[in-house]
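Number of protein chains: 2
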Amino acid sequence: MPGYRALLSSSKGKVKAALRPLLQAVQPAQLPLSPALWDLEDDLTRGLTLEGTPLRELVTRFGSPLHVVRAARLRDNARRFRSIPSGATRGCEVFYSYKTNPIPGVLKTLHEQGIGAEVISPYELWLAKELGVPAELTIYNGPAKSDDSLRDAVERGIQAINCNHREELPRVARIARQLGVRARVTLRVNTSVGWSGQFGTPIQGGRALAAYREALTMPELSVVGLHAHRGGQIRNEPELLAFVSEVLAFAEQLEGIMPSPLELLNFGGSLGLSTSEHLDDRARRRNELFHVDVPTPAAAEALTIERYLELLLGAVDQHYRRLSKPRPRVFLEPGRAMTGNAQLLLTRVLSTKENAGTTCAILDAGINLAESVKSEYHQVFCVTRHREARSHLHTLVGPICSPGDTLYPALRLPPLAEGDCLAIMDAGAYFVPFSTSFSFPRPAIVMLDDGQATLLRRRETFEDLCSYDSPR
Amino acid sequence: MPGYRALLSSSKGKVKAALRPLLQAVQPAQLPLSPALWDLEDDLTRGLTLEGTPLRELVTRFGSPLHVVRAARLRDNARRFRSIPSGATRGCEVFYSYKTNPIPGVLKTLHEQGIGAEVISPYELWLAKELGVPAELTIYNGPAKSDDSLRDAVERGIQAINCNHREELPRVARIARQLGVRARVTLRVNTSVGWSGQFGTPIQGGRALAAYREALTMPELSVVGLHAHRGGQIRNEPELLAFVSEVLAFAEQLEGIMPSPLELLNFGGSLGLSTSEHLDDRARRRNELFHVDVPTPAAAEALTIERYLELLLGAVDQHYRRLSKPRPRVFLEPGRAMTGNAQLLLTRVLSTKENAGTTCAILDAGINLAESVKSEYHQVFCVTRHREARSHLHTLVGPICSPGDTLYPALRLPPLAEGDCLAIMDAGAYFVPFSTSFSFPRPAIVMLDDGQATLLRRRETFEDLCSYDSPR
């Protein structure tokens, strides 16, 4: 039996090895994205640099692995989201999705640009208050609001509590009644395409409208608008317009039962990044089995922030012009599109291991810090050998001693050696919140601003990892 | 286009709904495992209790969510792993896999029973030293050893450095040379079934033997044995015997090139738990799409610790008797089988949401604390309604505002309401190390010992989550 399994496993290996060149010929090597998309520059002697700072020097100074946040890109993204498209009379009010990258130094930078806080937990609500975000720039979302946090939100009179599901309405009403105030609420509704499950009430079947009718019977609730967050990544115009038109059609229905016009329409987030996109299982499997490159995103074709705003506000303006009604305030809750491309993760090669046909590069960052790389395209650059040809096939694995800790089954890079430094791009969405301290302390986070690097968060120490434990 | 997609999505929904009763009839409802397997008792008025302590009182006292570790079960598992099977002359030397559940209070309890430390990172090596584990009870594994940590390990003369791959050998030799000592090493080898990739050198094709030949040329290395960790879960006798016999066959080859007999054989870990097992994708998909129960593990048929030892030591003893040689020391590195069933995670229902045909129960613990539940069977009990029939279909989701935060797409439980408390069993392997602080602080960990609960690790506070950040 073991002999048979071994034989089978070995034959499978031979079949895969034989199929590799064929499949690689059918889908030739993918070109990497250009470092210029992130303003990275190539210096003959100092490797890749950002704002004149060699990335490898940052690792020498602050240790590896290392998150590098770029202030200029954060400010630029914030400014772009708050810009008014030509033809529009007003722009959007923008609330950053805290859960995407809840680093206080990042959040402060965005708030300084007039961006508000979209929070989904008692902790995030507390953090926004700590960071001095005013109540009118705070929105509370999510399926898991505690009574205490709702009490705080209602008492402070935050901009809106977006009730995740119908059952939240009486809770908010009860708390508002206890406090003797009215709470500003919206109800999250689901369009035909997008997340459902634990989120929102479907527009289809009249369920969302029924929930709104219920909300309107509660005198403690001030129903100020509607909330629709599609989820997934909106990457092209048809996807965006389909979503927006469904929301607008529902808003029109809703206006029919409202005692007064809707004050606001909240379109949530979900705008994708041009340089990173979801990898389907097939792409990942082909990469693993046959070493076929995962597809590089068509960055130039992706929806930009400007085009997203232009289309979204264009559709809303047109809709209300047609109805001859003033258009409500438009709220957005971007996450990935705001911070994703403003951060990179530097990691070093701890060791290499020669396997048949590939070199396994064991990095000091794996799924403990960059789990998204398993299901999303993230461009990887070799900071220390950027000028060399991407000639050699590598498996990039992390340090945590689990076969699941494989970031890239097969990636062409210059031949790596111990001590080489890699940059994993677009680390500003979901890398930090999903990070664990699995056997290795979490890294420092620095901000690069006008070429100056300052520490936003120090790295964890060994002592930190057991500092909440009872005395040893 | 959106109309078409909506129609398609809605038709798919109808097809799934129509297929559900058919598929559920083909595979009837699964019975849950008995609470008695974890010594849980059902109290008429106080719900489920453990050692006379009502679990819901623990949540009232220490907050929710809450990890509960059971000292008696830890001691019992340790004792069982160190027992000598009938017919054997000696037992095994046992090193607990720190990465599986690195809670100092848990580790101390195991060390008090004579269990050593199997560490895979500089942090874990440091922690074992902090906890007073002697050098001879420490083993250093994994692909990501730093030079500093290797220096410490060599200097202290730990029991064994298991070189993960051939390329580690010259590093260890260089460090030993610098320190003027010899390092006790083994080399990790791969059998035909089991993990490979970043781990080990294959026995097949003579590669492991070649690596050993290389090690034997390095005078700084004292090659004391071999290391083989299969990975995955060993759940039955044929799997175990196939693995052990391959290791023994290689050991025999190896003895042929060694200047002296092997001092030790390290068979790693991988023994599974009887009450939890890997769920294949199909089982998960059928649960999600058609609400078919995931299969309950056949707990009574799984390999016990006693039977595992009896078979493993029996095979080793027989092998060396046949060769008329003394048998080497036998090392084991259990993780899951040592601590998995000694811990449970208590979580409360924050809110419920009625969906078509199911109730979505929003819990205060999701993939942030219990990601393993997505790919492994974990028994769930309703602590507060254990006597009621499991009559109602629930989707169990966590709090983190992501559709990925779904622990069970469909699980039959008594009808849940806000405030109900659930126990997720077998939380003592990979729950704590894979936990994140995604929007919610991590919970407290208590140990129950002879009915007394004491705090091992306090819960994170809001302040903790940003305490390493630069002043706000």
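Residue numbers (our numbering), protein chains in the order written: chain A, 866 to 1337; chain B, 866 to 1337. We treat Cβ as the ideally placed atom computed from N, Cα and C, and that holds for glycine.
C-alpha gap between residue i and residue j, whole angstroms
i: Tyr1273/A; j: Gly1293/A; result: 19 Å
i: Asp1270/B; j: Ile1227/B; result: 10 Å
i: Pro1008/B; j: Gly952/A; result: 58 Å
i: Ala871/B; j: Ala882/B; result: Only weak support exists for where Ala871/B lies, its pLDDT of 46 falling under 50; the value from the coordinates is given anyway. Roughly 16 Å between the two C-alpha positions.
i: Arg935/B; j: Arg1201/A; result: 42 Å
i: Pro1084/B; j: Ala982/B; result: 27 Å
i: Ser1135/A; j: Thr1161/A; result: 20 Å
i: Tyr963/A; j: Val984/A; result: 6 Å
i: Val998/B; j: Pro1336/A; result: 16 Å
i: Asp1285/B; j: Leu1154/B; result: 26 Å
i: Pro867/B; j: Arg944/A; result: For Pro867/B, the predicted model reports a pLDDT of 40, less than 50, meaning its position is unreliable and no value from the coordinates is stated.
i: Ala901/A; j: Leu1215/A; result: 28 Å
i: Leu1052/B; j: Phe1303/A; result: 24 Å
i: Leu873/B; j: Leu1127/A; result: Below a pLDDT of 50, predicted positions are generally treated as unreliable, and Leu873/B, at 49, falls in that range; the measurement from the model is reported next regardless. Taking the straight line joining both Cα atoms gives about 31 Å.
i: Glu1102/A; j: Glu1175/A; result: 11 Å
i: Val1089/B; j: Gly1231/A; result: 31 Å
i: Pro893/B; j: Thr1301/A; result: 39 Å
i: Met1203/B; j: Ala1048/B; result: 29 Å
Beta-bridge partners of residue i, as assigned by DSSP
i: Gln1244/A; result: In DSSP, Gln1244/A forms no bridge with anything.
i: Arg935/B; result: Leu1313/B
i: Leu1130/A; result: Leu1091/A and Val1195/A
i: Val998/B; result: Bridge partners of Val998/B: none, in fact.
i: Gly981/A; result: Phe960/A
i: Asp1145/B; result: DSSP, once it has assigned bridges, lists no residue as partnering Asp1145/B.
Simplified DSSP assignment, three categories, for residue i
i: Pro919/A; result: strand
i: Gly1065/A; result: coil
i: Ala1288/B; result: strand
i: Ala1009/A; result: coil
i: Glu989/B; result: helix
i: Asn1101/B; result: coil
i: Ser1057/B; result: coil
i: Ile1023/A; result: coil
i: Pro1274/B; result: strand
i: Lys1004/A; result: The question names Lys, but residue 1004/A is Ile in the sequence shown. Reduced to three states, the DSSP call for Ile1004/A is strand.
i: Arg1345/B; result: The displayed coordinates of chain B run from 866 to 1337. Any statement about residue 1345/B would go beyond what the structure contains.
i: Gly912/B; result: strand
i: Thr1046/A; result: First, the amino acid is wrong: residue 1046/A is Val here, not Thr. Correct three-state label for Val1046/A: coil.
i: Thr1140/B; result: coil
i: Thr1051/B; result: strand
i: Asp1334/B; result: strand
i: Leu1086/A; result: strand
Check: residue i C-beta below 7 Å from any heavy atom of the ligand ATP
i: Leu1129/B; result: By its list of ligands, the structure shown contains no ligand whatsoever, and the ligand ATP lies outside what it can speak to.
Proximal chain B residues relative to residue i, where beta-carbon distance stays under 8 Å
i: Asp1229/A; result: Ala1009
i: Arg1255/A; result: Within chain B, no residue comes near Arg1255/A; the closest Cβ sits about 21 Å away, beyond 8 Å.
i: Thr1217/A; result: Glu1032
i: Glu989/A; result: Ser1304
i: Leu1338/A; result: No information on residue 1338/A is available, as it lies outside the stretch 866 to 1337 that chain A covers here.
i: Asn1006/A; result: Cys1266
Proximal chain A residues relative to residue i, where beta-carbon distance stays under 7 Å
i: Ser1300/B; result: Thr1301
i: Asp1063/B; result: A quick correction: the sequence has Gln, not Asp, at residue 1063/B. Within 7 Å Cβ-Cβ: Lys1218, Cys1225, Ile1227 and Val1262.
i: Ala985/B; result: The residue asked about is misnamed: residue 985/B is Ile in this sequence, not Ala. Per Cβ cutoff of 7 Å: Cys1266 and Ser1304.
Interface residues of chain B facing residue i [CB-CB closer than 9 Å]
i: Ser1237/A; result: Here the premise fails: no neighbours, minimum Cβ distance about 11 Å.
i: Thr1351/A; result: The structure shown does not extend to residue 1351/A, since chain A is modelled only from 866 through 1337, so no value can be given for it.
i: Arg1323/A; result: Tyr1333, Asp1334 and Ser1335
i: Lys964/A; result: Ile1265, Cys1266, Ser1267, Phe1303 and Ser1304
Beta-carbon neighbours of residue i, restricted to chain B and to distances below 7 Å
i: Asp1315/A; result: None at all; the shortest Cβ gap to chain B is about 17 Å.
Beta-carbon neighbours of residue i, restricted to chain A and to distances below 9 Å
i: Glu1142/B; result: Within chain A, no residue comes near Glu1142/B; the closest Cβ sits about 17 Å away, beyond 9 Å.
i: Phe1338/B; result: Outside the shown range of chain B (866 to 1337) lies residue 1338/B, about which nothing can therefore be said.
Amino acids of chain A, ordered along the chain, whose beta-carbon sits closer than 8 Å to that of residue i
i: Gly1096/B; result: Pro1268
i: Lys994/B; result: Within chain A, no residue comes near Lys994/B; the closest Cβ sits about 10 Å away, beyond 8 Å.
i: Thr970/B; result: According to the sequence as given, residue 970/B is Gly; it is not Thr. Near Gly970/B (Cβ distances below 8 Å), the residues of chain A are Asp1334 and Ser1335.
Subject >> beta strand (DSSP E) runs contained entirely in the stretch 1189-1270 of chain A, provided each spans 3 or more residues >> reply: 1194-1197, 1208-1220, 1223-1228, 1245-1247 and 1257-1262
Beta strand (DSSP E) segments (min. 3 residues) lying fully within the stretch 876-910 of chain A: 905-908
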